[in-house]
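First comes the structure, then the notes that go with it.
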Amino acid sequence: MKNHIHKGDIITVPAPAGGIASGEGAIIGNIFGIAAYSAAVGEPVELATTGVYQLPKATAAVLTVGARVAWDNTAKNINVPGAGRFPVGVATEAAGNGITSVAVRLDGVATVAA
513 MKNHIHKGDI ITVPAPAGGI ASGEGAIIGN IFGIAAYSAA VGEPVELATT GVYQLPKATA
573 AVLTVGARVA WDNTAKNINV PGAGRFPVGV ATEAAGNGIT SVAVRLDGVA TVAA
């Protein structure tokens, strides 16, 4: 296809306010991704939008394998879907209360929940 640009699993966007660290999650518009490297605010940064990543989790959240998960952009962690959180994928492992990280398969899209 002559109009194909790339697969889209990694995209380049300006780093968000405050910059971003390598491996950190970020919401840019309606895109959620994991930074491939650190970048200062406004600098180009590559975000991985698909794949499975170990991400910080809200300690009290209880997740089962296959559960929909959401990114809390204020706390910078994975939580259960809810108001003000951005659905980003599914848990690929169980993670109960007291667990501080969880493996997540990213969908490549983030739309804020009402």
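When you read off a place in the sequence shown, starting at 1, and then add 512, the result is the number in my numbering. Each residue gets a CB set at the ideal place from its N, CA and C atoms; glycine is no exception.
- Sixteen is the threshold: when 16 or more other Cβ atoms of the shown chains lie within 10 Å of the Cβ of Arg597, as they do, the residue is buried.
- Secondary structure in the stretch 578-618: no alpha helix (DSSP H) run of 4 residues or longer lies completely within the stretch.
- Rounded to whole angstroms, Asp619 and Leu559 show a C-alpha spacing of 13 Å.
- Pairing Ala603 with Ala579 gives a Cβ-Cβ distance under 8 Å.
- Taking a contact as a CB-CB distance under 8 Å, the pair Ile532 and Val557 counts as one, their CB atoms being some 6 Å apart.
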